[in-house]
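Trainee: Just add 938 to wherever you are in the sequence shown, counting from 1, and you've got our numbering. Think of the CB as a built atom: it goes at the ideal place given N, C-alpha and C, for glycine as much as any other residue. As the structure is a computational prediction, the values presented were derived from the model and not from experiment.
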Amino acid sequence: MDTSSYDDAVTRLGGAPGEMATSVLDRYSEPQRGYHDGRHLAEVLTAVDLLGGDLDSRERALVVIAAWYHDAVYDPAAAPGANEEASAVLTERELAAAGCDPGAVAAVGGLVRATLEHHLPGTPGPEAVLHDADLWVLSAPPQRFDEYCAQVRGEYAHVPAEDFARGRTAVLAPFATRPRLYATTVAHERWTDAARTNVRRELDRLSGGAGGAERR
939 MDTSSYDDAV TRLGGAPGEM ATSVLDRYSE PQRGYHDGRH LAEVLTAVDL LGGDLDSRER
999 ALVVIAAWYH DAVYDPAAAP GANEEASAVL TERELAAAGC DPGAVAAVGG LVRATLEHHL
1059 PGTPGPEAVL HDADLWVLSA PPQRFDEYCA QVRGEYAHVP AEDFARGRTA VLAPFATRPR
1119 LYATTVAHER WTDAARTNVR RELDRLSGGA GGAERR
């Protein structure tokens, strides 16, 4: 995977990237990952490119680095919020070590932490772009969406089917019903219909006992 987006963003934030991108990529190849892997990272970065046109260069760099780190620590058996917090701490430690501006380090850490709940940001900006990019997969073509659902189930293979379905339903149901799913205008207009269709289809499967999970 091309690491130039990482290197360019760290440089934009005042740091020297060195070999940090390679180290982060290695994390996305860990064996416990089914969905939260390098492919997911690439999909999020592609979505950031599409949605980030209104960001200035510094804001764009913040989102790119947050995208790189948002699932850098991932243990399906971790307590709720532990992965996001650990990813944010790793982000802050590595960006500080690279010499990035302290304000940027704190901002990126905050963006990573915001991926825990996926509350809809109320204003445009970096958080809105990252929020929508991380949820692109909900609007993916049906084959990719179904693959995503199967990959998440695989990550939670240790969870009994009934418990998994209950937890997964609790995660997905709000996306089928909340008034607006995506924060940015581009994602809202392009992705909403497909996302709602996909999510409702998965909820139907879950209600039939197919199984689901505790995070996106």
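In whole angstroms, what is the alpha-carbon distance linking residue 947 and residue 1029?
Mentor: Their backbone Cα atoms lie some 13 Å apart in a straight line.
Trainee: Relative to the alpha-carbon of residue 1081, which residue among 1032, 1133, 1001 has its alpha-carbon at the smallest distance?
Mentor: Taking only the C-alpha atoms, the option nearest residue 1081 is 1133.
Trainee: Can you check whether the CB of residue 1067 is closer than 7 Å to the CB of residue 1006?
Mentor: No, Cβ-Cβ distance for residue 1006 and residue 1067 is not below 7 Å.
Trainee: What residue range does the alpha helix (DSSP H) around residue 1087 cover?
Mentor: Counting along the chain, the alpha helix (DSSP H) containing residue 1087 begins and ends at 1080-1093.
Trainee: Throw me the rounded Cβ distance for the residue 952 and residue 997 pair, which I believe falls under 8 Å.
Mentor: Going by Cβ atoms, the distance from residue 952 to residue 997 rounds to 15 Å, so no, they are not a contact pair.
Trainee: For the alpha helix (DSSP H) containing residue 995, name the first residue and the last one.
Mentor: Unbroken alpha helix (DSSP H) run through residue 995: 995-1007.
Trainee: Give every residue of the same chain whose Cβ lies closer than 8 Å to the Cβ of residue 942, excluding the five residues on either side of it in the sequence, and list them in chain order.
Mentor: Taken in chain order, the list of residues that qualify is empty.
Trainee: Determine whether the beta carbon atoms of residue 1114 and residue 1138 lie at a separation below 7 Å.
Mentor: Cβ atoms of residue 1114 and residue 1138: closer than 7 Å.
Trainee: Between the Cα of residue 1144 and those of 1118, 977, 1119, 1099, spot the shortest distance and give me the residue it belongs to.
Mentor: For residue 1144, the nearest C-alpha among the options comes from 1099.
Trainee: Does DSSP put residue 924 in a helix, in a strand, or in coil?
Mentor: Limits of the chain in this structure are 939 at one end and 1154 at the other, which puts residue 924 out of reach.
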